[in-house]
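Residue numbers (the working numbering), protein chains in the order written: chain P, -7 to 194; chain V, 5 to 335. A short worksheet on the structure shown next.
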Amino acid sequence: MSEFQLTEDQQDCLQELINIAMGQASDQLARYLDTFVYLKVPSIESVDAKDLLQILSQQQNTMAVVSQGFFGYEGIRGEALLAYQDEDSGRISDLLGYEPGELSEDEQLIDISSILTTTFLNVFARQIGNQMSYNAPKLLPSVQNSMSEHLQQISFSWDLALKVNINYQVTDYSFNCNMILLIPETAIINIKHVLDRILAEF
Amino acid sequence: MFDCTTYMPTKDTGKSVLSEQVLKQVNRQIANQLNTGVMVLDSAFNIVNWNRFLQVHTDKVSEDIIGQSIFHAFPELPERWLVRKFSAVMQLNTPSFCSWQQRHHLFELPHTRPITTDSEFMAQNCTFLPIETDCKSKLICILIEDVTDVCHYQEQLQKTLDELAQISRIDGLTQIYNRRHWQESLKQEFAKAQRHDKALSLIMLDLDYFKLLNDNYGHQCGDMVLIEVSALISALLRVEDLFGRYGGEEFAIILPETNLAGALELAERICRKVAAVSLSYNDEAIKVTISLGVAQCSGEESSYEDLITHADSALYQAKAQGRNQACTATT
């Protein structure tokens, strides 16, 4: 097993931490957005950068991808990608409580992405006794194949990534989006240290 | 900014540590030398603190600003939108961002390159951060970065890219589509017509005795004729028609949602107009005529190239029948 793979215990621990963080995050989001937010049980897997490219480029009709970097203490860092499909995002400004025409479609996507990413990661960071900082979210250019193109650009610096897939649904506003957290190799080792510490305390 | 926790001077370790008092001074000076605007609001959106950057760029006096509502002090701000943004910061305890790419600026601040850029106000990236303190209510910190340079260069780049894209599609002499772009367009229109079962017609046309014209009057005269005839034909087309220079003195027109009869009618009109116009070169009147071949997609073509072949053979027929006329493909 590679040093970047999580052990079964580590994987369970991370899954549990993410589940708890998701619960709290969806609660906070529901209060803020004043509607129910559903999050499916997330999937966590280690993926080869090459395979990741393939998996993500297979996701057809992705309309937009918003990227936001995050970084905390103890070398925990990564990139959150939020992928939207065409039909999922018609009522975002409604959902966010803005007046029609108050902000552009791009800004709506960036706004909701930032809210989802930072709310979840803030709670997650608290679970592991950490604190996150964030880059400004960016809409990735060129809609078609933007995901795979983007990954092609970043993936050469690491071979393996921890991929956490979280699906957000707000049925009242027929909103749906996929959050993919990509954590590069060196940060995986740092996360493993944190998980081991939590497991030892447990 | 630095975390202002107390570092007690420890004599035993010999490490150089700063007292809280000194650290405060250091932090204040750094805050005031930053090339970033820093502003702190209370939960009612009154300004409780700001740094020198903002003081200098707004040209306002601290005494007039501190304690004021931010919307009163900066009436240019989009209040409703910003209040919603602030409430997310406080309620979710998360940072929020506003990029120049979506909103060029929030605060109407002057910038340092008014001569060399064309924007009146400083382009800004703004960050809104939740600040927790010992006192009960939360504060919001606004960071305002000057990104006028980035914005300027990005706009220049985009302009250049647009120009390049334009140049790569256009024939330098006649200013209509070049062969490559025209053919790419035909490929797309052909696929579209097949998918939606729509009519699609094609006109191929050629200047009559163009070689003779070049030999008698010179290539500059030939170029003039190509330019004038292209302009004349362009003026007769609909916006959705795609007119390109196929090569040399040969041109081609893609006519979406047009049947053979419609295409032939247009071809004959173009033929008459070109024959009727009188061009002049070095004070000499020059008459030119063209021959045209018209074809419609029958649905049996295996590729767009077949359509070109059909229109081409109709053009050959027009030439064979004496030029200055339009013919349809006999399939």
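For each residue, glycine too, the CB sits at the ideal point set by N, CA and C.
Separation of residue j from residue i, as counted between CA atoms
{"i": "V:W104", "j": "V:T178", "result": "39 Å"}
{"i": "V:G303", "j": "V:K277", "result": "31 Å"}
{"i": "P:N182", "j": "P:I68", "result": "6 Å"}
{"i": "V:E253", "j": "V:L270", "result": "19 Å"}
{"i": "V:A239", "j": "V:S189", "result": "20 Å"}
{"i": "V:L211", "j": "V:I180", "result": "16 Å"}
{"i": "P:V135", "j": "P:A75", "result": "Reliability of the predicted coordinates at P:V135 is poor, the pLDDT of 49 falling under 50, and no value is obtained from them."}
{"i": "V:K196", "j": "V:L206", "result": "14 Å"}
{"i": "V:Q95", "j": "V:E24", "result": "31 Å"}
{"i": "P:D98", "j": "P:M124", "result": "25 Å"}
{"i": "V:P99", "j": "V:K89", "result": "10 Å"}
{"i": "V:S282", "j": "V:K323", "result": "22 Å"}
{"i": "V:E136", "j": "V:F49", "result": "15 Å"}
{"i": "V:Y157", "j": "V:W85", "result": "28 Å"}
{"i": "V:A318", "j": "P:C169", "result": "55 Å"}
{"i": "P:R189", "j": "P:G93", "result": "49 Å"}
{"i": "P:D40", "j": "P:S(-6)", "result": "12 Å"}
{"i": "V:Q300", "j": "V:L236", "result": "23 Å"}
{"i": "V:S172", "j": "V:T116", "result": "36 Å"}
{"i": "V:S47", "j": "V:T40", "result": "22 Å"}
{"i": "V:E305", "j": "P:S106", "result": "51 Å"}
{"i": "V:T131", "j": "V:P82", "result": "16 Å"}
{"i": "V:A279", "j": "V:N328", "result": "8 Å"}
{"i": "V:R242", "j": "V:I257", "result": "11 Å"}
{"i": "V:I70", "j": "P:F194", "result": "49 Å"}
{"i": "V:Q28", "j": "V:L22", "result": "Looking at the sequence itself, residue 28 of chain V is Lys, so the reference to Gln does not match. Roughly 10 Å separates the two Cα atoms."}
{"i": "V:V376", "j": "V:L38", "result": "Residue 376 of chain V cannot be examined here, being either before or after the span of chain V that is shown, 5 to 335."}
Status (buried if at least 16 other CB within 10 Å, exposed otherwise) for residue i
{"i": "V:I34", "result": "exposed"}
{"i": "V:G248", "result": "buried"}
{"i": "P:L173", "result": "buried"}
{"i": "P:P176", "result": "buried"}
{"i": "V:Q162", "result": "exposed"}
{"i": "V:N220", "result": "exposed"}
{"i": "V:N286", "result": "exposed"}
{"i": "V:T262", "result": "buried"}
{"i": "P:V57", "result": "buried"}
{"i": "V:V168", "result": "The sequence shown places Leu at residue 168 of chain V, not Val. Result: exposed."}
{"i": "P:T110", "result": "buried"}
{"i": "P:V156", "result": "buried"}
{"i": "V:G226", "result": "buried"}
Which residues DSSP lists as bridging residue i, in chain order
{"i": "P:L108", "result": "Answer is none; P:L108 lacks a bridge partner."}
{"i": "P:R69", "result": "P:F63"}
{"i": "P:L173", "result": "P:A72 and P:V156"}
{"i": "V:D150", "result": "V:Q128"}
{"i": "V:A289", "result": "V:S284"}
{"i": "V:F255", "result": "V:L209 and V:R249"}
{"i": "V:F101", "result": "V:T131"}
{"i": "V:P260", "result": "V:L204"}
Under the three-state DSSP convention, the category residue i falls into
{"i": "P:T163", "result": "helix"}
{"i": "V:R298", "result": "In the sequence as displayed, the identity of residue 298 of chain V is Val instead of Arg. Strand, per DSSP."}
{"i": "V:M208", "result": "strand"}
{"i": "P:G93", "result": "coil"}
{"i": "V:F247", "result": "strand"}
{"i": "V:I237", "result": "helix"}
{"i": "P:V135", "result": "Because P:V135 sits at a pLDDT of 49, beneath the cut-off of 50, its placement in the model cannot be relied upon, and the following sentence gives the value as read from the coordinates. Reduced to three states, the DSSP call for P:V135 is coil."}
{"i": "V:T41", "result": "The residue asked about is misnamed: residue 41 of chain V is Gly in this sequence, not Thr. Note: V:G41 maps to strand in three-state DSSP."}
{"i": "V:L22", "result": "coil"}
{"i": "V:F194", "result": "helix"}
{"i": "P:A56", "result": "strand"}
{"i": "V:A330", "result": "strand"}
{"i": "V:V93", "result": "helix"}
{"i": "V:Q187", "result": "helix"}
{"i": "P:V29", "result": "coil"}
{"i": "V:N182", "result": "coil"}
{"i": "P:E37", "result": "strand"}
{"i": "P:V115", "result": "helix"}
Interface partners of residue i on chain V, CB under 7 Å
{"i": "P:L95", "result": "W85"}
{"i": "P:Y76", "result": "In chain order: nothing, as chain V lies at least about 16 Å away."}
{"i": "P:G89", "result": "R88"}
{"i": "P:I195", "result": "The displayed coordinates of chain P run from -7 to 194. Any statement about residue 195 of chain P would go beyond what the structure contains."}
Chain P contact residues for residue i, given Cβ-Cβ distances below 8 Å
{"i": "V:N1", "result": "Any answer about residue 1 of chain V is impossible in this case: the structure gives chain V only from 5 up to 335."}
Contacts that residue i makes with chain V (C-beta to C-beta distance below 9 Å)
{"i": "P:T27", "result": "Within 9 Å Cβ-Cβ: nothing; P:T27 doesn't reach chain V, min ~14 Å."}
Cross-chain neighbours of residue i in chain P, by beta carbon under 7 Å
{"i": "V:F90", "result": "Result: empty, since nearest Cβ-Cβ is about 12 Å, beyond 7 Å."}
{"i": "V:S100", "result": "S106"}
{"i": "V:S103", "result": "A128"}
Proximal chain A residues relative to residue i, where beta-carbon distance stays under 8 Å
{"i": "P:E99", "result": "Among the protein chains of the structure shown, namely P and V, there is no chain A."}
Where residue i meets chain P, residues with beta-carbon distance less than 9 Å
{"i": "V:Q95", "result": "Q20, R23 and Y24"}
Partner residues on chain V for residue i, Cβ-Cβ distance less than 8 Å
{"i": "P:N122", "result": "What P:N122 touches in chain V: nothing, since even the nearest Cβ is about 15 Å away."}
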